[in-house]
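Have a look at the structure below, then the notes.
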Amino acid sequence: MPSNTGGRWPGFSRPRILLLLIALLPGVLSAAERTLSLAEASRRSIERNPQLEVFKWRFSELEAKRSSAALRPQTSLSLEAENVAGSGDLSGVDSAELTIALSSIIELGGKATARIAVVDARMALAEARRQAQALDLLSEVTRQFITAQALQAKLAVAIDAHALAATTHELVSLRVARAGAPAAEKLRAKASLVRAELRRSAIEAELAAGKLALATLWGADDTDFDRLGGSLFRFTEPGSFAQLYARVVSSPALRIFGAERRVRQAELDLARARSRQDIGWSVGIRRFEESGDAALTFGISAPLFAQSRNAGELQAAAAARSMVDYREQAGLLDLRAQLYNAWLSYRQGSAAAVKLRDEVLPALTRALDETQQAYERGRYSYRDWIAAQRDLLDARLAAIDAASSALLHQALIEQLTGTALTNPPGAADE
């Protein structure tokens, strides 16, 4: 059976070699297949994902609210008639007093500036959330890509397993025909071949679903690629936990708290500005119908007890401002715990994957070669040969699982820190 390094088993007959060549044919044709890279999948998702399109309309909404917040208080026009349709000398309209006036309020305490500051802070918060949403989307793309990539690698194992089961069935059939093995072994080999076909079909279906789930992230209804590029066994030194944790404080997740804090502070400043009393004014002209004279009118008004009436709003805004600090502290603790778990899991998973690839798989490949040769010479039983096959196939699957688990935790580290995981200076020494 082909190993992860592309080796083969000695002692194969020509029919078995043809079977292996057929199994390897998809790899020969892979150059003509459409390959999707992680970078291309990320670019498509950022450009086309509907979740990010929502923010465009959110910014338009806030721009409109900013324009409204900058408006001055409305000026009103009023018309008032007095001494109309009364009794005696005031009957009719001969004694009417008509007043036409303009009125408005003078805002004190910088209310307009405070309203604009609230909208500006909300726009900054929306931008921080957009960046965090984009990072979450990229992380989801990476997770779906790695999951599908692992299924792609498992499909290669399933193809090799099916080819090996076919070869086994051929060899066992020859031995049974020569009366060198009981007929039951041929039946067991046939059953193993059918099970290998079923496993291959199941993984093919699962891989197709995984590819479609990946394409859905950029709004596609179908896949326009055949395979996923890249290697599952490409790891990097993550550095120390302290180095990674230092990046968390400037991550998009933490920037959201900073932006929200500025929103709450702006709302608190607006509540304080509203505690300042506004002054109402009016100016007009009054005509006295009885004498034909006219006179100007002036008026000023101010609400009473405005500051005490606004005390509840002030307390609510101050409480909301304080809550952000405690939520940030709780969020930072949660991020720290997630980062530490991801850091440990990445180190363990990548080390296990490398060990399995570099030490376990070569040993099991050689053991399978020797077991097969011994079986062909009648020194080992069918059970021994099948056990050697199962050990190698299970080890290959375990290596894929360890590698994909490590890369999934790497994606989580990058999501939590907001930066790509690269080799920091001096990290290898630590």
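The numbering of the sequence shown is the numbering used here, which starts it at 895 and goes up by one.
For glycine and all other residues, C-beta sits at the position ideal for the given N, C-alpha and C.
From a predicted model like this one, the values you see are computed outputs, not experimental measurements.
The criterion of a C-beta distance shorter than 8 Å is satisfied by Gln1043 and Leu1122. Under the 10 Å beta carbon count, Met1217 is surrounded by fewer than 16 other beta carbons and is classified as exposed.
For Glu934, no beta strand (DSSP E) segment is defined; the enclosing uninterrupted segment is the alpha helix (DSSP H) at Leu932 to Arg942. The three-state secondary structure of Ala1147, taken from DSSP, is helix. If you look at Thr1265, you'll find it in the alpha helix (DSSP H) that goes Leu1255 to Glu1270.
Here Gln1038 is near Leu1108, since their CB atoms are less than 8 Å apart.
Arg1221 and Leu1126 have their C-alpha atoms spaced approximately 37 Å apart.
Per the DSSP secondary-structure output, Phe1182 pairs in a beta bridge with Glu991 and Asp1187. Of the residues assessed, Ile1173 falls on the exposed side of the cut-off, its CB having fewer than 16 other CB atoms within 10 angstroms. DSSP places Glu1001 outside any alpha helix (DSSP H), giving it a letter other than H or E. Rounded to whole angstroms, the Cβ separation of Leu1302 and Ile1040 is 6 Å, and the two are in contact under 8 Å.
The residues Ser1033, Thr1036, Ala1314 and Leu1315, in chain order, have a CB closer than 8 Å to that of Glu1308 in the same chain once the five nearest residues on each side in sequence are set aside.
In the DSSP assignment, Leu971 falls within the beta strand (DSSP E) that extends over Ser970 to Glu976. Judged by pairs of C-beta atoms under 8 Å, the stretch 1188-1205 does not touch the stretch 1246-1260, as fewer than three such pairs exist.
The continuous alpha helix (DSSP H) containing Thr1311 extends over residues Tyr1276 to Thr1311. DSSP places Leu1227 within a helical segment (H, G or I) once states are collapsed to three. Counting C-beta pairs closer than 8 Å gives fewer than three between the stretch 1010-1021 and the stretch 1047-1060, which falls short of the contact rule. By the neighbour-count criterion, in which a residue is buried when 16 or more other Cβ atoms sit within 10 angstroms of its Cβ, Asn1235 is exposed.
With contact defined as three or more Cβ pairs closer than 8 Å, the stretch 996-1014 and the stretch 1164-1179 are in contact.
Scanning its chain for C-beta atoms nearer than 8 Å, with the 5 sequence neighbours on each side dropped, one finds around Ala1188 the residues Ile1179, Arg1180, Arg1181 and Phe1182, in chain order. About 6 Å separates the beta carbon of Ala1075 from that of Val1066, a gap short enough to meet the 8 Å contact definition. DSSP assignment within the stretch 1058-1141 yields no whole beta strand (DSSP E) run of 3 residues or more. About 5 Å separates the beta carbons of Ser939 and Leu1111, which is inside the 8 Å limit, making them a contact pair. The beta carbon of Ala1305 lies closer than 6 Å to those of Ser1033, Thr1036 and Arg1037 in the same chain, with the five residues before and after it left out.
Between the beta-carbon of Leu1258 and that of Ala1289 there is about 5 Å, and that keeps the pair under the 8 Å contact cut. Just measuring C-alpha positions, the residue of Ala990, Leu1162, Phe1192 and Gly1186 sitting nearest Leu1208 is Leu1162.
By the neighbour-count criterion, in which a residue is buried when 16 or more other Cβ atoms sit within 10 angstroms of its Cβ, Trp1279 is buried.
Ile1150 is positioned such that its CB atom lies no closer than 8 Å to that of Ala1011.
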